[in-house]
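There are 2 protein chains.
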Amino acid sequence: MDANTNDASRRRGEPRDGVPGRQMITRKALEIVSEHGHEALTISGLARALGVTPAAVHNHASSKQELLQWVQEEIMAGVDASAFCELPLDEALRRWARSYRDVFVHHAPLIPVIAVLPVGGSPRTLRMYESVARGFAAAGWPDEEIVDAIVALESFIFGSALDATAPLDIFDPGPHAASIPTFGGALRARRHPGRQAADAAFQQGLEAMIAGLLAAPAG
Amino acid sequence: MDANTNDASRRRGEPRDGVPGRQMITRKALEIVSEHGHEALTISGLARALGVTPAAVHNHASSKQELLQWVQEEIMAGVDASAFCELPLDEALRRWARSYRDVFVHHAPLIPVIAVLPVGGSPRTLRMYESVARGFAAAGWPDEEIVDAIVALESFIFGSALDATAPLDIFDPGPHAASIPTFGGALRARRHPGRQAADAAFQQGLEAMIAGLLAAPAG
Chain A
2 MDANTNDASR
12 RRGEPRDGVP
22 GRQMITRKAL
32 EIVSEHGHEA
42 LTISGLARAL
52 GVTPAAVHNH
62 ASSKQELLQW
72 VQEEIMAGVD
82 ASAFCELPLD
92 EALRRWARSY
102 RDVFVHHAPL
112 IPVIAVLPVG
122 GSPRTLRMYE
132 SVARGFAAAG
142 WPDEEIVDAI
152 VALESFIFGS
162 ALDATAPLDI
172 FDPGPHAASI
182 PTFGGALRAR
192 RHPGRQAADA
202 AFQQGLEAMI
212 AGLLAAPAG
Chain B
2 MDANTNDASR
12 RRGEPRDGVP
22 GRQMITRKAL
32 EIVSEHGHEA
42 LTISGLARAL
52 GVTPAAVHNH
62 ASSKQELLQW
72 VQEEIMAGVD
82 ASAFCELPLD
92 EALRRWARSY
102 RDVFVHHAPL
112 IPVIAVLPVG
122 GSPRTLRMYE
132 SVARGFAAAG
142 WPDEEIVDAI
152 VALESFIFGS
162 ALDATAPLDI
172 FDPGPHAASI
182 PTFGGALRAR
192 RHPGRQAADA
202 AFQQGLEAMI
212 AGLLAAPAG
């Protein structure tokens, strides 16, 4: 039983013979992690939430690590790396980075998990890296510079997704306003209010990093 | 009773009259978060770890949020923002960003917490922002661009600190090696092995972002 079955009842999320398939397990795992954080994900808790025995989950997923790789595979479907064979590198990087950040803004509790999760269990993540690497290679980048550039961009993307979930009053200095005249003035001068502030910071950083990378691949 | 007392026995971490002070509470809280993640930090669990009643902790810290702000204040002491009044902006940003990342590489479980924690309870964090903002202002940056640039750099720093804690085999493609010829070649061509790989990616990204920011403040 796998996630690609065409059986209509299973696609609606109903187990056949009371046995959940990979897709149902993955979605329930994602639900648990999104609502309660990744520490809350256990095989026994997942089985309880699915209304089955732990053995029924164990039949498919042998470990929490495997469950997380399924979750990774599921959510990476939202990342768009299709532009690297069509557009110039800077344009393709913009489109990829924006979609990648958007996905993790909506799954922020997964950031500290996915950022350090081995990718061998997620063919979709590997295909994404292959597309991005081809974009750099086609733009003339030497092999030895490509992975560092991708990792640097990803670090910025994950950090920016985290920042987008910060409370709007994160910089409120409370009783210390008088001690930060310059930073306080800069805060008041920001052009974008509320949630747009995080988007503006991401945009500025993304443009800076792409410009800096494409101006001078590190040597 | 506060953390700045000169009482020698208290500086060695021993409570007076069995009542822990802010410093002892903060250090134990940091220990718990570092070992078990921030979800494991509760006032009652902290009291148990300190061998006191929950009320003895409550006398000082009214909430988990307050405890986390004490932890933030404690670890931000390791971030060096002293160079902004001495060195050119690019040099000062390098020194600040490296020390900031180093601190969070050693406290990775705190990244998702501190990245979204209001800073009003941490005068040290506010002083850091003030120093960085003054560096940008002194270099001629318009007020309205400064916060976005700082947030973008911080996002990269937090994401890079997270990346530095990833397992060394994170990119191992497992059974899928044949599907990633370009990315696989780039992985084999990386110049820096093991732990140094994360440092190299951070370096490349930091140089790119600083160059990009200083070449063209967003308009």
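So the protein sequences, as listed, match chains A and B.
One rule links them: number in our numbering = place in the first sequence (from 1) + 1.
One rule links them: number in our numbering = place in the second sequence (from 1) + 1.
The beta-carbon is built from N, C-alpha and C at its ideal position, and this holds for glycine as well.
Candidates A:G136, A:A187, A:I115: closest to B:I147 by CA position
On the second sequence, residue 147 of chain B is found 146 positions in, with the first residue counted as 1. Closest option to B:I147, Cα to Cα, is A:A187.
For chain A, find out if any of its Cβ atoms is closer than 8 Å to the Cβ of B:I158; answer yes or no.
Here residue 158 of chain B corresponds to residue number 157 of the second sequence, with the count starting at 1. Yes, B:I158 counts as interfacial toward chain A.
Alpha carbon to alpha carbon, what distance is there between A:G136 and A:S83?
As a working note, residue 83 of chain A is residue 82 in the first sequence. As a working note, residue 136 of chain A is residue 135 in the first sequence. Distance between the alpha carbons of A:S83 and A:G136: 10 Å.
Please classify B:W97: does DSSP put it in a helix, a strand, or coil?
Working through the second sequence from its first residue, we reach residue 97 of chain B at position 96. Reduced to three states, the DSSP call for B:W97 is helix.
In whole angstroms, what is the alpha-carbon distance linking A:S123 and A:P143?
Sequence index remark: in the first sequence, residue 123 of chain A carries index 122 (1-based). Sequence index remark: in the first sequence, residue 143 of chain A carries index 142 (1-based). Roughly 26 Å between the two C-alpha positions.
Excluding the 5 residues preceding and the 5 following A:H108 in the sequence, name in chain order all residues of the same chain whose CB lies nearer than 7 Å to its CB.
Here the question's residue 108 of chain A lines up with position 107 in the first sequence. Around A:H108: S35, I76.
Where does A:G185 fall in DSSP's three states?
Counting from one through the first sequence, the residue named residue 185 of chain A turns up at place 184. DSSP places A:G185 in helix when its eight states are reduced to three.
Distance, B:V80 Cα to A:A165 Cα
Taking the first residue of the first sequence as 1, we reach residue 165 of chain A at position 164. Taking the first residue of the second sequence as 1, we reach residue 80 of chain B at position 79. Going by the C-alpha atoms only, they are around 23 Å apart.
Could you compute how far the alpha carbon of B:Q66 sits from the alpha carbon of B:W97?
In the second sequence, residue 66 of chain B corresponds to position 65, counting from 1. In the second sequence, residue 97 of chain B corresponds to position 96, counting from 1. Answer to the nearest angstrom: the Cα atoms are 26 Å apart.
Relative to the alpha-carbon of A:L169, which residue among B:R128, B:A116, B:L154, B:F157 has its alpha-carbon at the smallest distance?
For this step, residue 169 of chain A is matched to residue 168 along the first sequence. For the residues B:R128, B:A116, B:L154, B:F157, the minimum Cα distance to A:L169 belongs to B:A116.
Whole runs of the alpha helix (DSSP H) within the region 44 to 86 of chain A, excluding any shorter than 4 residues
44 to 51, 55 to 59, 65 to 76
Burial state of B:D149 (16 or more Cβ within 10 Å):
Translated into positions along the second sequence, residue 149 of chain B becomes position 148. The residue is buried, with at least 16 neighbouring Cβ atoms inside 10 Å.
Cβ separation of B:G206 and B:S156, assumed to be a contact under 8 Å, to the nearest whole Å
Within the second sequence, numbered from 1, the residue matching residue 206 of chain B stands at position 205. Within the second sequence, numbered from 1, the residue matching residue 156 of chain B stands at position 155. Actually they do not touch by this definition, with Cβ atoms about 11 Å apart.
Using the C-alpha atoms, what's the distance from A:R191 back to A:I112?
Mapped onto the first sequence, residue 112 of chain A falls at position 111. Mapped onto the first sequence, residue 191 of chain A falls at position 190. Approximately 27 Å, taken between the alpha carbons.
Cβ-based burial, B:H238 [other Cβ within 10 Å; buried from 16]
For residue 238 of chain B there is no data in the structure shown, the boundaries of chain B being 2 and 220.
Check whether chain B comes within 8 Å of A:H177, counting only Cβ atoms and requiring the distance to be less than that.
In the first sequence, residue 177 of chain A corresponds to position 176, counting from 1. With 8 Å as the cut-off, A:H177 counts as an interface residue toward chain B.
Is it buried or exposed for A:P194, if we count other Cβ within 10 angstroms and need 16 for buried?
For this step, residue 194 of chain A is matched to residue 193 along the first sequence. It counts as exposed.
Tell me whether the beta-carbon of B:W71 lies closer than 8 Å to the beta-carbon of B:R102.
Taking the second sequence and counting its residues from 1, one reaches residue 71 of chain B at position 70. Taking the second sequence and counting its residues from 1, one reaches residue 102 of chain B at position 101. Not a contact, by the Cβ cut-off of 8 Å.
For A:I181 versus A:R95, is the C-beta spacing smaller than 8 Å?
Residue mapping note: residue 181 of chain A aligns to position 180 of the first sequence, counting from 1. Residue mapping note: residue 95 of chain A aligns to position 94 of the first sequence, counting from 1. Their beta carbons are not under 8 Å apart, which means A:I181 does not touch A:R95 by this criterion.
Within chain B, the residues that A:R128 reaches when beta carbons sit closer than 8 Å
Sequence index remark: in the first sequence, residue 128 of chain A carries index 127 (1-based). Those within 8 Å of A:R128 in chain B are S180, I181.
N-terminal and C-terminal residue of the alpha helix (DSSP H) that B:A112 is part of
Here residue 112 of chain B corresponds to residue number 111 of the second sequence, with the count starting at 1. According to the sequence as given, residue 112 of chain B is Ile; it is not Ala. Looking at the DSSP string, the run of the alpha helix (DSSP H) that includes B:I112 is 112 to 115.
Inter-residue Cα distance where the pair is B:A140 and B:E131
Looking up residue 140 of chain B in the second sequence gives position 139. Looking up residue 131 of chain B in the second sequence gives position 130. The straight-line gap from Cα to Cα measures roughly 14 Å.
Whose C-alpha, out of A:D91, A:A93, A:R49, A:I26, is nearest the C-alpha of A:S63?
Start at 1 with the first residue of the first sequence, and residue 63 of chain A comes out as number 62. Nearest option by C-alpha distance: A:I26.
Work out the CA separation of A:E32 and A:G213 for me, nearest whole Å.
Mapped onto the first sequence, residue 213 of chain A falls at position 212. Mapped onto the first sequence, residue 32 of chain A falls at position 31. Computed Cα separation, rounded: 38 Å.
Neighbourhood of B:A78 by C-beta distance below 7 Å, restricted to the same chain and skipping five residues each side
By 1-based counting over the second sequence, the position of residue 78 of chain B is 77. Contacts found: R125.
So, using beta-carbon positions, are A:L118 and A:L69 closer together than 8 Å?
For the purposes of this step, residue 118 of chain A is identified with residue 117 of the first sequence, where counting begins at 1. For the purposes of this step, residue 69 of chain A is identified with residue 68 of the first sequence, where counting begins at 1. In this structure, A:L69 lies closer than 8 Å to A:L118 by Cβ.
Check each residue of the region 31 to 65 of chain A: if its Cβ is closer than 8 Å to any Cβ of chain B, include it; give the result in chain order.
G38, E40
Taking A:L123 as part of the alpha helix (DSSP H), name the residues at either end of that continuous run.
Counted from its first residue, the first sequence places residue 123 of chain A at position 122. The identity of residue 123 of chain A in the sequence shown is Ser, whereas the question assumes Leu. Premise fails: A:S123 is in no alpha helix (DSSP H) and is neither H nor E.
What does B:V148 reach in chain A if we use C-beta pairs closer than 7 Å?
Within the second sequence, residue 148 of chain B is the residue found at index 147, counting from 1. What B:V148 touches in chain A: A187, L188, R191.
Any chain B beta carbon closer than 8 Å to A:I171:
For the purposes of this step, residue 171 of chain A is taken as residue 170 along the first sequence, with counting starting at 1. It does; some Cβ of chain B falls within 8 Å.
Apart from the five residues just before and just after B:A48, which ones in its own chain have a Cβ nearer than 7 Å to its Cβ?
Start at 1 with the first residue of the second sequence, and residue 48 of chain B comes out as number 47. Taken in chain order, the residues that qualify are T54, P55, A57, V58.
So, does the CB of A:V106 fall closer than 8 Å to a CB anywhere in chain B?
Working through the first sequence from its first residue, we reach residue 106 of chain A at position 105. A:V106 does not count as touching chain B.
Taking the alpha carbon of B:F172 as the reference point, which residue from A:L127, A:L215, A:Q197 has its own alpha carbon closest?
Translated into the one-based positions of the second sequence, residue 172 of chain B becomes position 171. Selected option, being the one with the closest Cα: A:L127.
For chain A, find out if any of its Cβ atoms is closer than 8 Å to the Cβ of B:Q205; answer yes or no.
Against the second sequence, residue 205 of chain B aligns to sequence position 204. Taking Cβ atoms only, chain A reaches closer than 8 Å to B:Q205, which makes this a yes.
Selected residue, minimal CA-CA separation from A:R189, among A:P174, A:F203, A:D200
The residue given as residue 189 of chain A occupies position 188 in the first sequence. Residue A:P174 is the option with its Cα nearest to A:R189.
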